[in-house]
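Written below as structure tokens is the structure these notes are about.
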Amino acid sequence: MPELLLELFSEEIPARFQRRAADDLKKAVTNALVDAGLVYEGAKAFVTPRRLALTVTGLPARSPDTREEKKGPKVGAPQPAIDGFLRSAGLSSLDEAKVESDPKKGDFYVAHINKPGAEAVTLLSAILPKILTDFPWAKSMRWGSGSFSWVRPLRAITATFGSENEDPVVIPFASGVVESGQTTFGHRFLAPAAIKVRRFDDYVEALERAKVVLDIDRRKDIIRTDAEQLAFAQGLTVIADEGLLEEVAGLVEWPVVMMGSFDPAFLEVPEEAIIATIRANQKCFCLRDASGKLAPNFIITSNTVASDGGATIIAGNERVIRARLSDAMFFYNGDLSLPLEHGLPKLEETVFHAKLGTQFARIERLVKLAGEIAPQVGADPERAKRAAMLAKADLTTQMVGEFPELQGLMGRYYALAQGEPADIATAVEMHYKPLGPTDKVPTEPVSIAVALADKLDLLTGFWAIDEKPTGSRDPFALRRAALGVIRIISENNLRFPLKVDADLLAFFHDRLKVSLRDAGARHDLLDAVISADSNDILQVTQRAEALSALLSSADGQNLLAGYKRAANILAAEEKKDGKAYAGAVEQDALKLSEETALAFAVDAVHAAVSNHVAKDDYKGAMGELATLRAPVDAFFTAVLVNDADPAVRANRLNLLARLRDTMHLVADFGKVAG
């Protein structure tokens, strides 16, 4: 069957847009093909710095004929309804429609519309220009005098269609001043000549000969493998950086890897600053030696095969990196010459938020809050206050001004260099964390106190000024802050009740549900253990884990069934009687051995569960509940709850209420599915 080859050749596409653009092109074209009745077998998109390409295989030569039945209004309907039906069905009069009968609805009009298929090339010539016009680039531009826009000036369009055994045809269309054809171009410097394209296989081969690797993932593999082999030969290892690898693969069409070096004297600068400098300015990878220390070397990825073996390219990169590292060393030494806290007055000139004051005002709040939190997490209040005071001081340093991503980290380096205790210096770095689901969580008491203070101040502050996240909009990263609080508490096993207003507590509940669901917890179990006033994150987490373990057992499943039966009976009878049963069981009114056994079992379990809950032993509490399975099963097998004797009936309903209340000590089983 025929295949489609589409290539959009342009000036350099920014690396950060490339993979998304390839996905968008594939989705747009394949969706349009299906809508046009052209069902395909497979599709794959590719991207290089100068081209977006798509191949779609197994396309039919034309779309099939279709027959559509369109139901219209009833016979005798008002004329406007008749006219609307005729227009939508493409009929000139009711003579072209048929009348059908429905036993319930009577006679109504039906139009049978035959739509002939169309040649695939004709359909594609209409589909493709619209896709280009509507393409969802994050940023686009216009050039020359035309109105067509693209991410960068579009230079050529290849669009061919045909089967393997025939010469393909060019799909005729134009976007702006660029008309479709079957001509592309190779590497800008190594093979810039025009290339005539027929179909995908010879297209890929021709590009390889013209020094273009079409597949971005293959370019990544080439860069990774060549870099690792080059480093290994020198006894070094490449510092993995997937984000940089993706970016570099988007900068080259023919990757050539080489190694440069810099003066080891620059290693006096913190390695994170060196890596940030080399990464940001030259898009190069850094390396470590056999001992794990940063090596004075770096990996360059060039987009050309140099006639001198790369000597000029290496020298140029070394020259730029030497200058950048000189700047970094100047910044670092300049920052070290002043005590970290001397930068605090500058923060009075920096607005944190118009409604929340300056960064200095925020630091004052953090100092107070960290001192209050410290005793609850086992930290020394004075050390927590000191760490909170220094936490944002590195924002005024030259190094953080140049590389904002190093905030906190540089604060730790400067604090240690200036004699601050290790736990305070660590807290300065760690108070921002965790920044994401895989980021490290503070574990030292002082770090925990300051990190919680930072996030809780952020949340309570923005809640106070009614700047809450809405839908997908969260400009102040408040969801991340809430998840950070949850992770700090749960991963450090902290009993730290959240003292926040009800609306913010509900926000924490939503984030906790997201966190636990991501960890594999069932949504109904989370609803069962979270109530409106649940402010103990660790307690909720432990209850959810214990409830999940209980319900994974046969005893737990049968107990849940017994609970549901008891709850349903109670709900029906309480509604009928107009009152709630409080669980006060009269021993003298127990008539059968099975109800007596359940009553004693529930009393014993109620006491035991209460004891376990008081100790935060939810696993033990759930284990006690599991022992109720047998007496509950026996009760419902032998006992008729709605006895003819009103006193016996009331007592049995109270017994079921006692069972319900005992189980509610650990979770609301009524919210559990099943």
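Using our numbering, read the sequence shown as starting at 112 and increasing by one per residue. Just so you know, even glycine gets a beta-carbon here, dropped at the ideal spot from N, CA and C.
Item	Value
Can you tell me the Cα-Cα spacing of Ile599 and Tyr543, whole angstroms?	11 Å
Does DSSP classify Met252 as helix, strand or coil?	strand
Please name the residue in Thr652, Glu290, Gly354, Lys209 whose C-alpha comes closest to that of Lys182.	Lys209
Within the same chain, show all residues whose beta-carbon is closer than 8 Å to that of Lys610, passing over the 5 residues directly before and after it, in chain order.	Asn646
In the region 619 to 657, which residue ranges form an unbroken alpha helix (DSSP H) of at least 4 residues, counting only runs that do not cross its ends?	634 to 640
With a floor of 4 residues, list each alpha helix (DSSP H) that falls wholly inside the region 667 to 744, ordered by position along the chain.	704 to 725, 729 to 737
Check Ile425 in the structure and name its three-state DSSP category.	helix
Taking the alpha helix (DSSP H) that Asn765 falls in, what are its first and last residues?	757 to 774
From what residue to what residue does the beta strand (DSSP E) around Ile474 run?	Segment 470 to 484 is the alpha helix (DSSP H) holding Ile474; no beta strand (DSSP E) there.
Which residue comes first and which comes last in the beta strand (DSSP E) that contains Gly522?	Taken as a continuous stretch (DSSP letters only), Gly522 belongs to no beta strand (DSSP E), being part of the alpha helix (DSSP H) at 520 to 528.
Compare the beta carbon distance of Ala630 and Val640 with 8 Å and say whether it is the shorter of the two.	no
Between the Cα of Asn276 and the Cα atoms of Tyr220, Pro113, Asp135, which residue gives the shortest distance?	Pro113
Taking the straight line between their C-alpha atoms, what separation do you get for Ile242 and Leu144?	11 Å
Taking the alpha helix (DSSP H) that Phe573 belongs to, which residues open and close that run?	556 to 575
What three-state label does DSSP hand Gly183 in the structure shown?	strand
List, from N- to C-terminal side, the alpha helix (DSSP H) runs of 4 residues or more that fit wholly inside the region 136 to 201.	190 to 200
Between Leu671, Gly689, Tyr729, Arg740, which has its C-alpha nearest Gly781's C-alpha?	Leu671
Assuming the contact rule is C-beta atoms closer than 8 Å, Leu477 and Tyr525 should be a hit. Round their C-beta distance to whole Å, please.	That belief does not hold up - the Cβ atoms of Leu477 and Tyr525 are roughly 18 Å apart, past 8 Å.
Tell me the residue span of the alpha helix (DSSP H) that contains Asn225.	No alpha helix (DSSP H) holds Asn225; the beta strand (DSSP E) holding it covers 217 to 226.
Where does the unbroken alpha helix (DSSP H) through Met500 begin, and where does it stop?	492 to 501
In terms of residues, what are the limits of the beta strand (DSSP E) holding Asn408?	405 to 413
Would you say Thr294 and Ala267 are within 8 Å of each other, going by their C-beta atoms?	yes
Around the Cβ of Glu152, are there at least 16 other Cβ atoms within 10 angstroms (buried) or fewer (exposed)?	exposed
Using CA atoms only, rank isn't needed, just tell me which of Ala305, Ala387, Leu239, Ala660 is closest to Thr141.	Leu239
Compare the C-alpha of Arg161 against each of Phe296, Gly148, Ile576, Leu115 and name the closest.	Phe296
Around the C-beta of Gly287, are 16 or more other C-beta atoms found within 10 angstroms, so that it is buried, or is it exposed?	buried
From Gly673 to Arg771, what distance separates their C-alpha atoms?	10 Å
Any idea what DSSP makes of Thr294, helix, strand or coil?	strand
Report yes or no: do the region 560 to 572 and the region 589 to 596 share at least 3 C-beta pairs separated by less than 8 Å?	yes
Can you tell which of Asp754, Tyr220, Ile432 has its C-alpha closest to the C-alpha of Asp374?	Ile432
Relative to the alpha-carbon of Ser291, which residue among Glu483, Gln345, Leu119, Gly346 has its alpha-carbon at the smallest distance?	Leu119
How long is the line joining the alpha carbons of Lys687 and Pro586, rounded to whole angstroms?	52 Å
Helix, strand or coil: which one does DSSP assign to Val232?	helix
Between Ala657 and Met733, which are expected to be in contact by the criterion C-beta below 8 Å, what is the C-beta distance as a whole number of angstroms?	4 Å
Taking the CB atoms as reference points, tell me whether Ile410 and Ala338 lie closer together than 8 Å.	yes
In or out: Ala366 buried (at least 16 other Cβ within 10 Å) or exposed?	Reading the sequence as shown, one finds Pro at residue 366 and not Ala. By the 10 Å Cβ count, Pro366 comes out buried.
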